[in-house]
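Asker:
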Amino acid sequence: VTEPIELILTKVFWDVFDDETIALRPDLSAKDMPDWDSLTHIRLLLTIEREFRIKFTITEVGDLKNVGELISLIQSKTSSSSPQS
Amino acid sequence: VSSSTSGQTSISFTEQDLAFFSDASGDRNPLHLNQEYARRTPYGQPVVFGCLGAMACLGHIRLPSGWSATSLEAEFLRPMFLGVKYRVEAAGDGGRWKGRLFDGSKPVVSLRVTAEASHGNEAPEEIGSASAFERREAAVRQQESIVPGLTVSGAYGCNPTALSTLAAQCGGVDRLLATVLSWSSYLVGMELPGECALFSKLLLHFHGTAPCSAAMTYRASVASVDSRFALIETDVSLLTGASTVASGKCWSYLRPPAPEVEEIDSSGVRLDSLAGRVAVVIGSSRGLGASMQRALDLRGAAVYGMARSRNAGDPAQTEVGDAADPEALRRVRERVSRERGRLDFLICNACPPALPLRLQPNAARRIEEYIHQAVSLTLTPLCEFLELLNQSNGCAVIISSIFVEHPVSEFPHYIAAKGAVEALVRVATLQYPRICTLIVRPPKLLTAMTNTPMGRLGAASPGLLANCIAARLEHPLEPGRTEILS
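Structure (structure tokens):
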């Protein structure tokens, strides 16, 4: 059984920000989290790529506004790759 | 055997600490040691060696007597600066230790060490008397030349005296750990990637069979390059003779080259539209200031620049000096009065690089100092030139920021400084009613200040903005009024 994207993503956020109190919501963005700066953003994206086995383009990365858009992007990437069981 | 340590304290770094670490490690990367070089990076000031921060953090992790480290992981999460008080947190037991340095609530260095009882069979350490650094200057490598498979190797030996003193100053750091931190700093900062490196992460395993020695060799081979973020992953190893002391991986970013001053698009520009007009551009050596100089020059204005350093290709009318130095400004004013007898435009563009800061106790002094410095760079030129500008019915142009309208959370100092200079020019029009003022609130621009892997994304062109401002100045603004260009 594949874990829901939101659950995996939450664990990625906990790991990258070293904070297990983070609760993801669609409108959550870097503005809401003081530690979410540019270098952390890169670490976050690289960890997501590793975890979901996907690759973002630099344009996709630049366009991301919040967690909701991030989840949509991951969904589009994972659904276009080979299905998992 | 088990051990536990915990505690909280704070540390800070001085210029002498940087010099000492450089002596010990052989890392002479100019980002850490050269004020002028560092000033022209997005950090605006020398950055503390990440490995020195890690070493200071290690001073708070006590391995039990007779134990040897088996692995070291260090993450350099944010740049560190001189004079800032960093809080140390260290804890661990049962063979695993963790240490972190914080700037207020933000972690800047994170460290993990594993160790085990060595049963007295660890290799004896050989402490030499002389250092062995093959490079005295950091290698300069372009991103295109750094490809998977690129391999470098060489001899390495720390400066034993400096390293011992440094390890003791940091609170008694294990010699093996101090040695590999010094070596990895040298490897990344001097060799691969070299001068443009930003050390991101180090992961090493210790093999326990070979001692650190005065004559070690190293090998580093690029494993992968993520061109989106200019992130380089390197396989590294440190050897004594044929035996491996440590092996693992380094990750580092390659800082992008400084943005070139763009050519101004002259299509549709009337080349004599500002003929006979005289402008002074404060902060003209790079970024928007350099583009403003070109955009005004293109329209036929006589342009005088003022910058802290002169670039190749700068016009002869560039005065080298600090925009907050009244003497340097007086020289420019006297020259403009003597040669032109008038001043039509004063462009106040100088501003120190702004790094993210939180409104927290350990940031109060930095915020205050930033505001003071940033306001001075506009206030001092205004005070020097307003009278001349008034005599010529001129215009003061203030480069502010869109963040004044739409604040962002991490830049209270930058936004406060821009808000203050906007207030100053509004009052200037009351005191000097023949002048007009133009407040420009640009979005994020691609300049030396924003030139980081992520900072570059979505940054606007300074050349385009300069052309917009110059085009606005072709048409008269109303005396005694302030206009905002957003």
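Just so you know, the protein sequences line up as chains A and B, in that order.
If you're matching positions, the first sequence starts at 1473 in the numbering used here and goes up one per residue.
If you're matching positions, the second sequence starts at 44 in the numbering used here and goes up one per residue.
The beta carbon of each residue, even a glycine, is placed where N, CA and C say it ideally should be.
In this text, all values refer to a predicted model and were calculated from it rather than measured experimentally.
1. Step through the CB atoms of chain B and report whether any lies within less than 8 Å of the CB of lysine 1503/A.
2. What residues match up with glycine 158/B in a beta bridge as DSSP calls it?
3. Identify the continuous beta strand (DSSP E) that holds tryptophan 140/B and give its terminal residues.
4. Identify the contact partners of methionine 497/B in chain A, using a Cβ-Cβ distance below 7 Å as the criterion.
5. Closer than 8 Å between beta carbons: that is the criterion. Which residues of the segment 138-149 of chain B meet it against chain A?
6. Tell me the rounded alpha-carbon separation between arginine 184/B and leucine 431/B.
7. Report the three-state DSSP secondary structure of serine 452/B (helix, strand or coil).
8. Quick one: is proline 254/B near chain A, going by C-beta distance under 8 Å?
9. Determine the closest residue to valine 265/B out of Leu520/B, Ala289/B, Leu230/B, with distance taken between C-alpha atoms.
10. Ignore the nearest five residues each way along the sequence and tell me which others in isoleucine 1502/A's own chain have a CB closer than 8 Å to its CB.
11. Grab me the residues of asparagine 1538/A's own chain with a C-beta within less than 8 Å of its C-beta, minus the 5 sequence neighbours each way, in chain order.
12. Can you tell me which residues form a DSSP beta bridge with proline 404/B?
13. How many angstroms separate the CA atom of serine 207/B from the CA atom of cysteine 213/B?
14. Measure the C-alpha to C-alpha separation of valine 1473/A and threonine 1493/A and round it to an integer number of angstroms.
15. Which class does threonine 361/B belong to by DSSP, given the choice of helix, strand or coil?
16. In three-state terms, what does DSSP make of arginine 484/B?
17. Return the bridge partner residues of valine 346/B from the DSSP annotation.
18. With a threshold of 8 Å between beta carbons, is isoleucine 1480/A in contact with chain B?
19. Are the beta-carbon atoms belonging to glutamate 517/B and serine 316/B less than 8 Å from one another?
20. Mapping the DSSP letters down to three states, classify isoleucine 104/B as helix, strand or coil.
21. May I ask which residues mark the beginning and end of the beta strand (DSSP E) holding valine 379/B?
22. Going by the beta-carbon positions, is the gap between tyrosine 296/B and alanine 273/B smaller than 8 Å?
23. Taking 8 Å as the threshold (C-beta atoms), are glycine 348/B and valine 379/B in contact?
Answerer: This is what the structure holds:
1. Along the first sequence, one-based indexing puts residue 1503/A at 31. By this cut-off, lysine 1503/A is an interface position.
2. Here the question's residue 158/B lines up with position 115 in the second sequence. First, the residue type needs correcting, since residue 158/B is alanine and not glycine in the sequence shown. According to DSSP, alanine 158/B bridges with Ala112/B.
3. The residue you call residue 140/B lines up with position 97 of the second sequence. 139-146 is the extent of the beta strand (DSSP E) around tryptophan 140/B.
4. Locating residue 497/B in the second sequence gives position 454, counting from the first residue. Chain A residues near methionine 497/B: Ser1510, His1513, Ile1514.
5. Contact annotation: in the segment 138-149 of chain B, residues whose CB is within less than 8 Å of a CB in chain A are Ser148, Lys149.
6. What you label residue 184/B is simply residue 141 of the second sequence in a count that begins at 1. What you label residue 431/B is simply residue 388 of the second sequence in a count that begins at 1. Looking at the two C-alpha atoms, the distance is approximately 48 Å.
7. Along the second sequence, one-based indexing puts residue 452/B at 409. In the structure shown, serine 452/B sits in coil (DSSP, three-state: anything other than H, G, I, E or B).
8. Along the second sequence, read from residue 1 onward, the residue named residue 254/B stands at position 211. Not an interface residue.
9. Your numbering for residue 265/B matches position 222 in the second sequence. Nearest of Leu520/B, Ala289/B, Leu230/B to valine 265/B, Cα basis: Leu230/B.
10. By 1-based counting over the first sequence, the position of residue 1502/A is 30. This sequence places alanine at residue 1502/A; isoleucine is not what is there. The residues are Trp1508, Asp1509, His1513.
11. Sequence index remark: in the first sequence, residue 1538/A carries index 66 (1-based). Contacts found: Pro1498, Asp1499, Leu1500, Ser1501.
12. On the second sequence, position 361 is the one that residue 404/B refers to. Beta-bridge pairing links proline 404/B to no other residue.
13. As a position in the second sequence, residue 207/B is number 164, starting the count at 1. As a position in the second sequence, residue 213/B is number 170, starting the count at 1. Whole-angstrom Cα-Cα distance: 10 Å.
14. Numbered from its first residue, the first sequence carries residue 1473/A at position 1. Numbered from its first residue, the first sequence carries residue 1493/A at position 21. Reliability of the predicted coordinates at valine 1473/A is poor, the pLDDT of 45 falling under 50, and the value obtained from them is presented with this limitation in mind. Rounded to the nearest whole angstrom, the C-alpha separation of valine 1473/A and threonine 1493/A is 25 Å.
15. For this step, residue 361/B is matched to residue 318 along the second sequence. Note: threonine 361/B maps to strand in three-state DSSP.
16. Within the second sequence, the letter at position 441 stands for residue 484/B. DSSP places arginine 484/B in coil when its eight states are reduced to three.
17. As a first step, residue 346/B is located in the second sequence; it is residue number 303 there, counting from the start. Paired residue(s): Ala322/B.
18. Numbered from 1 along the first sequence, position 8 holds the residue referred to as residue 1480/A. Under the 8 Å criterion on CB atoms, isoleucine 1480/A is classed as non-interfacial with respect to chain B.
19. Mapped onto the second sequence, residue 517/B falls at position 474. Mapped onto the second sequence, residue 316/B falls at position 273. Pairing glutamate 517/B with serine 316/B gives a Cβ-Cβ distance under 8 Å.
20. As a position in the second sequence, residue 104/B is number 61, starting the count at 1. Looking at isoleucine 104/B - three-state DSSP - the assignment turns out to be coil, as it is neither helix nor strand.
21. The residue labelled residue 379/B in the question sits at position 336 within the second sequence. Counted as a single uninterrupted DSSP element, the stretch harbouring valine 379/B is not any beta strand (DSSP E) but the alpha helix (DSSP H) occupying residues 369-382.
22. Taking the first residue of the second sequence as 1, we reach residue 296/B at position 253. Taking the first residue of the second sequence as 1, we reach residue 273/B at position 230. Cβ distance < 8 Å, so tyrosine 296/B and alanine 273/B count as in contact.
23. The residue labelled residue 379/B in the question sits at position 336 within the second sequence. The residue labelled residue 348/B in the question sits at position 305 within the second sequence. With contacts defined by Cβ atoms closer than 8 Å, valine 379/B and glycine 348/B do not form a contacting pair.
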